[in-house]
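Inspection log for the structure reproduced underneath, given as structure tokens.
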Amino acid sequence: MNNIKDSVINKIREAYPALKTIAEASCFEVPKNPEHGDTALPCFRFASVMKKAPSSIADELKKLFNGDPNFESVENISGYLNFKYSRKTFADFVISSLNSGAVYNNLKEKGSGKTMVIDYSSLNIAKEPHIGHLRSTIIGNSLYRIYDFLGWNVVRINHLGDWGTQFGKLIYAYKTWGNEKNLSSNPVRYLQELYVRFHSEEEKDPELSDKAREWFFKLENGNTEARSLWQRFKDYTIEGVKATYDRIGVSFDFYRGEGYYEDKARDIIKEVEASPVSRISDGALIIDLEDYGMPPCLVRKSDGASIYSTRDLAAAIDRHNEFNFDKMLYVTELKQQLHFHQVFKALELLGYGWISKAEHIGFGSILGISTRKGSVIYLEDIFDEAKSRVLDIMKDRDIADNEKEEIADKIGIGAVIFQDLSRSRVKNIEFDWERVLSFEGETGPYLQYSYVRIVNIIHKAGVPVNQETDYSLLSDDMTYELIKTMSYFENRITAAYNEHEPSVIAGYLLDLAKNFNRFYRVNRIIGEEPYAAEARIRLLIALEGIFRRCLQILNIPVIDKM
RNA sequence: GCACCAUUAGCUCAGUUGGAUAGAGCAACGGAUUUCUAAUCCGUAGGUCAGAGGUUCGAGCCCUCUAUGGUGUACCA
1 MNNIKDSVIN KIREAYPALK TIAEASCFEV PKNPEHGDTA LPCFRFASVM KKAPSSIADE
61 LKKLFNGDPN FESVENISGY LNFKYSRKTF ADFVISSLNS GAVYNNLKEK GSGKTMVIDY
121 SSLNIAKEPH IGHLRSTIIG NSLYRIYDFL GWNVVRINHL GDWGTQFGKL IYAYKTWGNE
181 KNLSSNPVRY LQELYVRFHS EEEKDPELSD KAREWFFKLE NGNTEARSLW QRFKDYTIEG
241 VKATYDRIGV SFDFYRGEGY YEDKARDIIK EVEASPVSRI SDGALIIDLE DYGMPPCLVR
301 KSDGASIYST RDLAAAIDRH NEFNFDKMLY VTELKQQLHF HQVFKALELL GYGWISKAEH
361 IGFGSILGIS TRKGSVIYLE DIFDEAKSRV LDIMKDRDIA DNEKEEIADK IGIGAVIFQD
421 LSRSRVKNIE FDWERVLSFE GETGPYLQYS YVRIVNIIHK AGVPVNQETD YSLLSDDMTY
481 ELIKTMSYFE NRITAAYNEH EPSVIAGYLL DLAKNFNRFY RVNRIIGEEP YAAEARIRLL
541 IALEGIFRRC LQILNIPVID KM
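If you read the first sequence in our numbering, its first letter stands for residue 1, the second for the next number, and so on.
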């Protein structure tokens, strides 16, 4: 893999110093037609330096690799220098470096000593998580796992929407129509009902808006009753939401709402006021961003109150002070892109150069869930529905009922998560039950099923002992294609990291699964000749290692039975 | 008005950062199971990469313009 390519490049640079600056390991590409070879070096870019036709360059370079034990053949095909690895050497190299853990240790060093702060999921208090919250949660969690896998120290923050006039509404509604008993039995749904009731009553009686503002004013100014109700609403919501997070394997280091940053927001207002980059416009304190083609960043409203951008400014500074991060990510809908660009630019103008380490990771919206029909789709309902469909498929399986339930839940969750993560972040998604609940083809259950097959074979065959592995037994086409796919692991993980794109790993898992299932069909292990069985088991152990890690990175439950 | 994002097979999407004959899944049709789990595998069919220019040895990918759809555009988050 990489060091094979490096050795090729070194040989070329030695023989042709003129190519020193343009010949790199990254020049290699994978031939579209596998018959051409395993990796290829296009020689077109060398033509201008060497003043020769690409094809004759390739012919010349080819001579450097006469008798090279890494390769079975090196051929020039119309300007491409195509390499075929020695299958035996390659299989040995790929499998050994995975099974020894060298590949993983190498990746783990990349982020060693570095800290990343990630802000995702960001639920609203008193609202049950619904389909609209899924993407930030799932994408954010996967990015956390990617960084973690690469050895970063990651701080996960759930930035709760727990401030603003809507809390005045909630407090008023609870005090007017609410009761303790309903609140403690099913808090979040109950609070939602109260919120809805407030809005319908408000239509009849506009004076309610003032009452809500009054209560929010009290909350802001530390009124004990308002504060304690607000705190309870928050605690109940977090408690309820944690059950859902637990179900899908998501967790956070901090739940910090906007309320947490209120004091700090006051500080930043003072600082901005004193700064030459700010001015008063229409009674509001702003940082003008016209020179950068953006509307101004609003720091204090004309009524004197803070606004979300104030709190985001304060939060960024606070996080930098506390964690001294090397990277900070905000995972939200693409819609908020402008807002974050404004906040970043404002901080830069205020002299906080470290904000260049912050990045907004935007993703497309989920469409077709318009609330006009009142058709909110709650996350729990999606997972429940998926689970019951899975149970139906599993009804004849010989598995104990309680275990079956548990497995079905994990398969349903895998299906929902995968259909979300398998598409590029920026794409909008049309919500479609049929697609969410499909379990065949390129789906989560397909991956889990493939994984179960791998584990079962390893389990049933037993781990090999006392035998020298004969890697030449892994050189048929099916097996070789699988090994080649496995060799892309580092490359795919790194790409997902660079692009902040979990779908890269989703696509890679599909490649692995497809190649494995082809392999599975023609290569038996149990009952096979011992040396062949042993070599294949080694291969599958390596495959299991990367497969499991990729599933974990995407947060797809790992199961060994289905 | 301005800005950002998207546009690839009937549908949903990939396309390893500018390379060889643009690939999968679903849907359709045909086939494979006395087998380590058929939630699998194999085959057939399906394309003016939205359109027009440009850059160069070479463009689905980069630049310009246009079209269509989505989103955002200071006191909501």
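Cβ atoms here follow ideal geometry from the backbone N, Cα and C, with glycine treated the same way.
With distances taken from CA atoms, which of Asp148, Ser185, Glu75 and Val241 is nearest Ser566? The structure shown does not extend to residue 566, since the chain spans only 1 to 562, so no value can be given for it.
I'd like the list of long-range same chain contacts for Ser450, defined as Cβ closer than 8 angstroms, with 5 residues on each side in sequence excluded. Sequence index remark: in the first sequence, residue 450 carries index 450 (1-based). Cβ neighbours of Ser450 within its own chain (closer than 8 angstroms, five residues either side excluded): Leu512, Ala513, Phe516, Asn517 and Phe547.
Helix, strand or coil for Leu194 per DSSP?
Mapped onto the first sequence, residue 194 falls at position 194. Three-state result, Leu194: helix.
Give the straight-line distance between the Cα atoms of Thr371 and Asn99, rounded to the nearest whole angstrom. Taking the first residue of the first sequence as 1, we reach residue 371 at position 371. Taking the first residue of the first sequence as 1, we reach residue 99 at position 99. In this predicted model, Thr371 has a pLDDT of only 46, less than 50, meaning its place in the structure is not dependable enough to derive any value.
**Entirely enclosed alpha helix (DSSP H) segments - the segment 17-80, minimum 4 residues** = 47-50 and 54-62
**Asked** Is Ile429 helix, strand or coil when you go by DSSP?
**Response** Numbered from its first residue, the first sequence carries residue 429 at position 429. In this structure, Ile429 counts as strand in the three-state DSSP scheme.
So, does the segment 84-91 touch the segment 125-134, judging by three or more C-beta pairs under 8 angstroms? no
At which residue ranges does the segment 106-175 contain complete beta strand (DSSP E) runs of 3 or more residues, listed in the order of the chain?
115-119 and 153-158
May I have the straight-line CA-CA distance separating Ile22 from Tyr488, to the nearest angstrom?
As a working note, residue 22 is residue 22 in the first sequence. As a working note, residue 488 is residue 488 in the first sequence. Those two C-alpha atoms are separated by around 23 angstroms.
Discussion item. With three or more C-beta pairs closer than 8 angstroms as the rule, is the segment 523-539 touching the segment 436-449?
Written reply: no
Count the other C-beta atoms from every protein chain shown that fall within 10 angstroms of the C-beta of Ile393, then say buried if there are 16 or more, exposed otherwise. Against the first sequence, residue 393 aligns to sequence position 393. Ile393 should be labelled exposed.
Can you tell me whether Arg397 is helix, strand or coil according to DSSP? The count along the first sequence starts at 1 and reaches residue 397 at position 397. The answer is coil: DSSP assigns Arg397 none of H, G, I, E or B.
Original post:
With DSSP run on the structure shown, which of helix, strand or coil describes Asn82?
Top reply: Counting from one through the first sequence, the residue named residue 82 turns up at place 82. Strand at Asn82.
Q: State buried or exposed for Ser73, treating a residue as buried only when at least 16 other CB atoms are found within 10 Å of its CB.
A: Counted from its first residue, the first sequence places residue 73 at position 73. Classification of Ser73: exposed, given that the 10 Å Cβ count is below 16.
### Query
Per DSSP, Val331 is paired with what?
Locating residue 331 in the first sequence gives position 331, counting from the first residue. Answer is Ile361, bridged to Val331.
Ordered list of beta strand (DSSP E) runs contained in the segment 195-258, each at least 3 residues:
none
For the alpha helix (DSSP H) that contains Val522, what are its first and last residues? The residue you call residue 522 lines up with position 522 of the first sequence. Unbroken alpha helix (DSSP H) run through Val522: Ser503 to Val522.
Candidates Glu468, Asp409, Thr494 and Ile429, of which the one nearest Lys561 by Cα = Your numbering for residue 561 matches position 561 in the first sequence. Minimum Cα distance to Lys561 is reached at Asp409.
### Assigned secondary structure, Ile366 (DSSP; H/G/I helix, E/B strand, else coil)
Walking along the first sequence from the start, residue 366 turns up at place 366. Correct three-state label for Ile366: strand.
Review point. Quick one: Cα of Lys395 to Cα of Ser438, how far?
Key: Looking up residue 395 in the first sequence gives position 395. Looking up residue 438 in the first sequence gives position 438. Cα to Cα, the separation comes out at about 17 angstroms.
- Message: From the DSSP secondary-structure annotation, give me the bridge partner or partners of Leu298.
- Response: To locate residue 298, count along the first sequence from 1; it is residue 298. For Leu298, which the question treats as bridged, DSSP gives the partners Ile286.
Point to revise | Minimum C-alpha distance to Gly113 - residue among Phe323, Asp68, Arg227 and Leu313 | key: Numbered from 1 along the first sequence, position 113 holds the residue referred to as residue 113. Cα-wise, what sits closest to Gly113 is Phe323.
Please report how far the alpha carbon of Leu554 lies from the alpha carbon of Glu225, in whole angstroms. Taking the first sequence and counting its residues from 1, the one referred to as residue 554 is at position 554. Taking the first sequence and counting its residues from 1, the one referred to as residue 225 is at position 225. When rounded, the distance between both Cα atoms is 43 angstroms.
Point to revise | Rounded straight-line distance, which links the Cα of Leu367 to that of Lys373 | key: In the first sequence, residue 373 corresponds to position 373, counting from 1. In the first sequence, residue 367 corresponds to position 367, counting from 1. Note that Lys373 has pLDDT 45, beneath the 50 cutoff, so the model's placement of it is unreliable and no number is given.
For this session: Check each candidate in Val8, Tyr16 and Lys51 and name the one with the smallest Cα separation from Asn82.
Result: The residue you call residue 82 lines up with position 82 of the first sequence. For the residues Val8, Tyr16 and Lys51, the minimum Cα distance to Asn82 belongs to Val8.
Can you tell me the Cα-Cα spacing of Lys264 and Gln342, whole angstroms? By 1-based counting over the first sequence, the position of residue 264 is 264. By 1-based counting over the first sequence, the position of residue 342 is 342. Between Lys264 and Gln342, the C-alpha separation is close to 19 angstroms.
Rank Glu239, Ser142, Ile483 and Glu109 by C-alpha distance to the C-alpha of Asp119 and give the top, closest one.
Taking the first sequence and counting its residues from 1, one reaches residue 119 at position 119. Comparing Cα-Cα distances from Asp119 to each of Glu239, Ser142, Ile483 and Glu109, the minimum goes to Ser142.
Query raised in the report: Assuming Ala532 contacts Leu473 under a Cβ cut-off of 8 angstroms, what Cβ separation, rounded to an integer in Å, is found between them?
Result: In the first sequence, the residue the question calls residue 532 occupies position 532. In the first sequence, the residue the question calls residue 473 occupies position 473. Correct: roughly 5 angstroms between the Cβ atoms.
| message | Please report the straight-line C-alpha distance between Ile429 and Ser136, rounded to a whole angstrom. | response | Numbered from 1 along the first sequence, position 429 holds the residue referred to as residue 429. Numbered from 1 along the first sequence, position 136 holds the residue referred to as residue 136. For Ile429 and Ser136, the distance between alpha carbons rounds to 13 angstroms.
Check whether the segment 101-117 and the segment 144-160 are in contact - that is, three or more C-beta pairs closer than 8 angstroms. yes
> Straight-line CA distance for Lys51 to His459?
Replying inline: Indexing the first sequence from 1 puts residue 51 at position 51. Indexing the first sequence from 1 puts residue 459 at position 459. One C-alpha to the other measures close to 59 angstroms.
> By the 10 Å Cβ neighbour count, where 16 or more other Cβ atoms means buried, how is Lys270 classified, buried or exposed?
Replying inline: Position 270 of the first sequence holds residue 270. With fewer than 16 Cβ atoms within 10 Å of its Cβ, Lys270 is classed as exposed.
Alpha helix (DSSP H) segment containing Ser184, residue limits
Along the first sequence, one-based indexing puts residue 184 at 184. Ser184 -> alpha helix (DSSP H) spans Glu180 to Ser185.
Check your understanding: Who are the near neighbours of Ser475 in its chain, counting only those whose CB is closer than 8 angstroms to its CB and skipping five residues on each side?
Key -> Your numbering for residue 475 matches position 475 in the first sequence. Once the five neighbours on either side are set aside, the close Cβ partners of Ser475 are Arg87, Lys88 and Ala91.
- prompt: In whole angstroms, what separates the C-alpha of Lys211 from that of Tyr172?
  reply: In the first sequence, the residue the question calls residue 211 occupies position 211. In the first sequence, the residue the question calls residue 172 occupies position 172. Going by the C-alpha atoms only, they are around 7 angstroms apart.
**OP:** Could you pull out every residue in the same chain whose Cβ sits closer than 7 angstroms to the Cβ of Glu201, ignoring the five residues on either side in sequence?
**Re:** The sequence position of residue 201 within the first sequence is 201, counting from 1. Cβ within range, chain order: Leu208.
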